[in-house]
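Under this note's numbering, the letters of the sequence shown match residues 27 to 153, in that order.
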Amino acid sequence: MTVAILGMGPRGLSILERICALHTESAINEHMQIIIIDKNAMGVGAHSLSQPDHLLVNTVACQITLFGDATVKNAGPFRPGPCFHQWANNQGYRKVGDRYIKSETGLAIDANDYLPRRLLGEYLNWA
27 MTVAILGMGP RGLSILERIC ALHTESAINE HMQIIIIDKN AMGVGAHSLS QPDHLLVNTV
87 ACQITLFGDA TVKNAGPFRP GPCFHQWANN QGYRKVGDRY IKSETGLAID ANDYLPRRLL
147 GEYLNWA
């Protein structure tokens with residue numbers, strides 16, 4: 027079986043994760059080839075890593091995740107992982123002036139902060 031995924035932004039990543047999880051769990055013992063078509067870095071989509079920090083996502087950091095959990099019913103197996111807010115803090119990002127950088131100084135990122143799109147691109151690429 028061959029599956030092609032066009033575009034590896036957030037939705038493409040989610041589709042890839044679900045295909046892999048469900049195929050692994052299924053009794054189908056068939057080899058699967060997955061072809062990924064995207065000119066950009068994996069996961070980034072419209073969240074270019076070169077965007078300036080003043081371009082923000084329109085959702086607070088704690089409400090963005092690529093990982094499912096036990097609250098998602100009948101979705102098959104899931105791989106736990108951090109939400110965008112947890113990831114940014116785990117990576118050492120802090121707000122220094124009007125920039126978000128890895129630093130030991132500056133303000134901690136709050137769960138309800140609106141973070142830069144380029145930082146979301148990093149999270150999506152990491153996931």
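Glycine is no exception: its CB is placed at the ideal position from the N, C-alpha and C atoms.
Length of the line joining the Cα atoms of residue i and residue j
i: histidine 49; j: aspartate 79; result: 38 Å
i: isoleucine 41; j: isoleucine 135; result: 29 Å
i: asparagine 55; j: alanine 47; result: 14 Å
i: glutamine 59; j: asparagine 66; result: 21 Å
Status (buried if at least 16 other CB within 10 Å, exposed otherwise) for residue i
i: isoleucine 63; result: exposed
i: histidine 57; result: exposed
i: glutamate 148; result: buried
Where residue i sits in the DSSP three-state scheme
i: valine 135; result: The displayed chain sequence assigns isoleucine, not valine, to residue 135. Coil at isoleucine 135, not helix or strand.
i: leucine 32; result: strand
i: tyrosine 149; result: helix
i: isoleucine 127; result: strand
Supposed close pair residue i, residue j - CB separation, criterion 8 Å
i: tyrosine 126; j: proline 108; result: Actually they are not in contact, since the Cβ atoms of tyrosine 126 and proline 108 sit about 16 Å apart, beyond 8 Å.
Which residue spans inside the segment 64-120 form an unbroken alpha helix (DSSP H) run of at least 4?
110-116
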